[in-house]
Amino acid sequence: MMSLSADSSCRKSMQGRKVIIAGAGLMGRLIAWRCARMGAQVRVFDSASEAQPTSAAHTAAAMIAPFSERPLCDSQVFNLGCQSLNLWPELLELLSQDSAIAVRYLQAGSLLVSHPADSAESEQFAAQLDHHQRQQPQIYKDAVRHLNKADIETLEPHLANHFQTGFWMQYEAQVDNRALLRALREAAEHYGARFVFENPIHVSDNSWFCQDELLFADDYFDCRGIGAKKDVEGLRGVRGETIWVTCPEVDISRPVRLLHPQYHLYLVPRGNGVYQLGATEIESEDRSAVSVRSAMEMFSALWCLAPALAEARIIALESNLRPACLDHKPLIQKDGKVVRINGLFRHGYLLAPALLNILETEFNFELGVAQSKSLLLGGHSYFAEAAVCRTC
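For the record, in the sequence shown the residue sitting at position 71 is 71 according to UniProt numbering, with numbers rising by one throughout.
Here it is, written out as structure tokens:
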């Protein structure tokens with residue numbers, strides 16, 4: 001292991017510091033665990049109830065897929081995602097020790113396919129891939145394989161047999177986000193952190209209040225997602241919808257993405273014959289239930305991906321809001337004692353470990369995050385671009 005920071009001498013020790021975190025989503029729980037583990041006195045406040053979480057992290061498909069996302073995201077998001085691929089296994093190993101919960105982490109890659117009628121989408125993706133590969137040959141080395149029909153059938157025999165070409169992003173991964181969120185809370189509480197649900201934080205002139213009580217701390221982390229809209233300029237919610245189904249007769253072993261001119265559809269295996277399907281990305285802050293139109297589009301795509309899934313049973317239909325900045329980049333913003341982390345958009349699990357590193361290397365919080373050398377990055381550790389940070 002080697003530290004991600006070249007100079008740790010100016011790090012702010014968390015031992016004995018009072019830390020308040022607003023928001024019990026992915027970033028809030030990660031920071032709570034790391035701070036508590038380093039000896040801080042941590043309290044986490046969330047507006048939702050313990051039994052009915054509302055964070056985007058709870059609804060997400062939790063894919064760590066920088067290569068699949070590259071045509072849709074900024075280069076900084078891609079680079080941070082590659083760093084997170086290195087960090088997740090080590091974080092999860094340590095988390096399992098602290099929480100006694102083994103979080104399912106599957107690194108079998110992602111499969112991208114397109115219908116023959118949408119071959120132009122596949123050709124465009126291949127051209128973008130070639131362009132990015134020439135720019136960063138070391139990162140892309142052995143990371144992507146072009147597939148023919150026989151390759152696809154070998155990798156995923158239960159997919160529809162009409163896919164002629166595809167791409168296998170070999171190093172991409174997925175994590176069981178709901179088990180992860182439980183484990184993060186258990187681990188944080190193991191080190192003394194307190195979670196306070198149904199108690200939203202209110203901010204006034206950079207002072208934090210809960211039920212009219214002024215909260216005092218050495219450090220404040222605002223991880224409220226769309227709940228911080230009034231305090232983060234340009235933040236907006238982008239609606240997403242997913243469907244959960246069960247079909248034990250179908251065995252798909254890795255996330256599958258369908259390249260389509262109208263929507264970006266993904267099917268994520270959750271284990272034991274359970275699958276999560278998502279596609280919608282709607283510029284709306286509507287929190288209502290999944291619409292009939294969206295459901296019909298997703299069910300149609302599900303059938304086309306694997307006809308046997310037509311007999312799947314519906315478990316749940318879910319909708320939520322992803323917090324997004326105008327440029328779709330993550331935001332880390334420091335204002336006095338307050339650090340705001342927001343705008344992770346559709347990339348929460350792709351970005352979270354790398355953002356922990358930024359908190360440590362750029363903002364000098366001692367969080368004890370480390371990284372091993374990785375074959376994915378050509379045997380070299382990757383340092384995130386600091387330009388993703390915006391300070392007041």
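The beta carbon of each residue, even a glycine, is placed where N, CA and C say it ideally should be.
**Prompt:** Quick one: Cα of residue 86 to Cα of residue 212, how far?
**Reply:** 42 angstroms
**Item:** Residue closest to residue 115, alpha-carbon to alpha-carbon, out of 331, 291, 179 and 148
**Value:** 148
**Message:** Can you tell me whether residue 233 is helix, strand or coil according to DSSP?
**Reply:** In the structure shown, residue 233 sits in coil (DSSP, three-state: anything other than H, G, I, E or B).
**Message:** So, under 8 angstroms CB-CB, residue 357 and residue 235 are touching, yes? Tell me the CB distance rounded to an integer number of Å.
**Reply:** Between residue 235 and residue 357 the Cβ distance is about 23 angstroms, and since that is not below 8 angstroms, they are no contact.
**Message:** Residues in the same chain with beta-carbon distance under 8 angstroms from residue 313, minus the five sequence neighbours each way, listed in chain order, please.
**Reply:** 245, 246 and 247
**Prompt:** Under the DSSP definition of a beta bridge, which residues are partnered with residue 344?
**Reply:** Paired residue(s): none; residue 344 is not in a bridge.
**Check whether residue 231 and residue 218 have beta carbons under 8 angstroms apart** = In this structure, residue 218 does not lie closer than 8 angstroms to residue 231 by Cβ.
**Message:** Considering only their Cβ atoms, is the gap separating residue 24 from residue 103 smaller than 8 angstroms?
**Reply:** In this structure, residue 103 sits away from residue 24, with a CB-CB distance that is not shorter than 8 angstroms.
**Request:** Locate the alpha helix (DSSP H) running through residue 131, then write down its first and last residues.
**Result:** 119–135
**Message:** Assuming residue 207 is part of the beta strand (DSSP E), what are its boundary residues?
**Reply:** 207–210
**Request:** Enumerate in chain order the residues of its own chain whose CB-to-CB distance from residue 214 is below 8 angstroms, with the five nearest sequence positions on each side excluded.
**Result:** 207 and 208
**Item:** Alpha carbon of residue 17 to alpha carbon of residue 360, nearest angstrom
**Value:** 15 angstroms
**Request:** Give the DSSP-derived three-state secondary structure of residue 97 in the structure shown.
**Result:** helix
**Item:** Local Cβ density within 10 Å of residue 172, reported as buried at 16 or more and exposed below that
**Value:** buried
**Request:** Rounded to whole angstroms, what's the CA-CA distance from residue 371 to residue 41? Just pull it up for me.
**Result:** In this prediction, residue 371 scores a pLDDT of 49, lower than 50, which makes its location untrustworthy; the coordinate-derived value is nonetheless stated afterwards. Their Cα atoms are separated by approximately 26 angstroms.
**Nearest to residue 242 (by Cα), restricted to the options 346, 66, 180 and 152** = 346
**Asked** Mapping DSSP to helix, strand and coil, what is residue 148?
**Response** strand
**Request:** Specify the secondary structure class of residue 38 as computed by DSSP and reduced to three states.
**Result:** coil
**Counted within 10 angstroms of its Cβ, other Cβ atoms place residue 123 as buried (16 or more) or exposed** = exposed
**Per DSSP, the bridge partner or partners of residue 202** = 209
**Prompt:** What number of angstroms, rounded off, separates the C-alpha of residue 340 from the C-alpha of residue 233?
**Reply:** 12 angstroms
**Request:** In the DSSP assignment, find the unbroken beta strand (DSSP E) run with residue 393 in it and report its ends.
**Result:** Outside the displayed span of the chain (1 to 392) sits residue 393, for which this structure offers no information.
**Request:** Could you pull out every residue in the same chain whose Cβ sits closer than 7 angstroms to the Cβ of residue 71, ignoring the five residues on either side in sequence?
**Result:** 125 and 128
**Request:** Pull up the CB-CB distance for residue 49 and residue 197, whole angstroms please, since I reckon it's below 8 angstroms.
**Result:** 6 angstroms
**Request:** Identify the continuous beta strand (DSSP E) that holds residue 165 and give its terminal residues.
**Result:** 165–169
**Request:** Tell me whether residue 338 is buried or exposed, calling it buried when 16 or more other Cβ atoms sit within 10 Å of its Cβ.
**Result:** buried
**Message:** Does the distance between the C-beta of residue 48 and the nearest non-hydrogen atom of the ligand PLP fall short of 7 angstroms?
**Reply:** In the structure on display, the ligand PLP does not appear, and there are no ligands present to speak of.
**Request:** Name the two residues that bound the continuous alpha helix (DSSP H) containing residue 173.
**Result:** Segment 173–175 is the beta strand (DSSP E) holding residue 173; no alpha helix (DSSP H) there.
**Message:** For a quick check, are the C-beta atoms of residue 301 and residue 316 less than 8 angstroms apart?
**Reply:** no
**Item:** residue 352 versus residue 84 - alpha carbon distance
**Value:** 7 angstroms
**Asked** What three-state label does DSSP hand residue 280 in the structure shown?
**Response** coil
**Request:** Would you be able to state if there are at least three C-beta pairs under 8 angstroms between the stretch 252–268 and the stretch 295–310?
**Result:** yes
**Residue from 77, 26, 66 and 33 whose Cα sits closest to the Cα of residue 53** = 26
**Message:** Which of the three DSSP states is assigned to residue 53 in this structure?
**Reply:** Coil at residue 53, not helix or strand.
**Prompt:** Three-state secondary structure (DSSP) at residue 217?
**Reply:** coil
**Prompt:** From which residue to which residue does the beta strand (DSSP E) around residue 269 run?
**Reply:** 265–271
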